[in-house]
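Working notes for the structure below.
Numbering (the numbering used here), first residue to last: 17 to 339.
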């Protein structure tokens, strides 16, 4: 099944593009298993009172599922309006729907599913404990990203990349490394792709894009000006624009035709956001690459074989090459 990139535009993007388009389809509430991931992703953008509500329902779904909206407001020291706003921000039409999701999540946990683990790394932790904690954090970030990734948007992004005349990728620092990973993967299957980590070069390249090209921005915060600026330039020139970000309502999404969200585990002193955000970003990048390779298999497979053959001699011991 294929998807039209234009059909997935949000109403705000359609207005900027000047295309009326059909009304956006209703959004189904998130799966109960994705609730904890939604809380971790959205908590930094919530007010402190909303954070208390979100943390309460994610930390004790069974207990909170028995509370009325008034009781939960009292339990968290907030108001009924705050509880309802939090439920809606998490993707549920109202508090009743959130309670049903909490009951379903509690039932899932009662069957013996492994609980989510978040463990800070202490400065005096033995290296073996560091390995264990990091592995659990990485697994949680991958699971959270997979649970909230919009496959309709992902399909549309794959379609756009598969048929693009040229793809530009923008990212700074750790996100720039992820962008370089995607660009080199696309190059190896015969597609034209360039990753830009220099903000000046990113903009000067973006203004050369047009309809039929793709511009992809990677920024966990969604507020990195050096990434937003080239994406906006590409957007205004008619290129299909994609944002990979941890904040679905962040500024970068204003200029994105398609938005792919990632999760991020809780930050700590020794584990900055750049570490955990990179894990989710790499998962999305790998999903994009595999999807594109599937769509373009007849061309991608020979291109991959050619690149392997071209580099084979570099992996052969010198003595063997001279024999």
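From the three backbone atoms N, C-alpha and C, an ideal C-beta is built for every residue, glycine too.
Restricting to Cα atoms, I'd like to know which of the options is closest to residue i.
i           : options               : result
residue 196 : 76, 109 and 218       : 218
residue 111 : 209, 80 and 126       : 80
residue 183 : 202, 169, 58 and 328  : 202
residue 212 : 249, 85 and 186       : 186
residue 125 : 113, 298 and 78       : 78
residue 100 : 68, 119, 76 and 75    : 68
residue 83  : 115, 104 and 174      : 115
residue 304 : 96, 235, 108 and 199  : 199
residue 103 : 59, 122 and 143       : 59
residue 266 : 70, 180 and 243       : 243
residue 73  : 279, 122, 317 and 295 : 122
residue 61  : 165, 170, 214 and 237 : 237
residue 307 : 71, 178 and 264       : 178
residue 150 : 299, 310 and 295      : 295
residue 194 : 278, 330 and 318      : 278
residue 156 : 119, 51 and 326       : 51
residue 317 : 181, 142 and 205      : 205
Could you check if residue i is buried or exposed, using at least 16 other CB atoms within 10 Å of its CB as the buried criterion?
i           : result
residue 153 : buried
residue 167 : exposed
residue 41  : Here the model assigns residue 41 a pLDDT of 42, short of 50, so the residue's position is not dependable, and the following value carries that caveat. The residue in question, residue 41, is exposed, as its Cβ has fewer than 16 Cβ neighbours within 10 Å.
residue 131 : Because the pLDDT at residue 131 is just 43, under 50, the model does not fix this residue reliably, and the value given afterwards should be weighed accordingly. The residue in question, residue 131, is exposed, as its Cβ has fewer than 16 Cβ neighbours within 10 Å.
residue 322 : exposed
residue 297 : buried
residue 208 : exposed
residue 324 : exposed
residue 224 : exposed
Quick one: does residue i have its CB under 8 Å from some CB of chain B?
i          : result
residue 67 : Absence of chain B from the displayed structure is noted, only one protein chain being present.
Based on DSSP bridge pairs, tell me the residues matched to residue i.
i           : result
residue 257 : 231
residue 276 : 260
residue 211 : 185
Could you tell me which uninterrupted alpha helix (DSSP H) segments, each at least 4 residues in length, are contained entirely in the region 169–208, listed from first to last along the chain?
190–204
May I ask you to verify whether the region 250–269 touches the region 226–233, counting CB pairs closer than 8 Å and requiring at least 3?
Contact holds: three or more Cβ-Cβ distances are below 8 Å.
Every unbroken alpha helix (DSSP H) inside the region 92–165 [4 residues or more]:
96–105, 111–126 and 143–164
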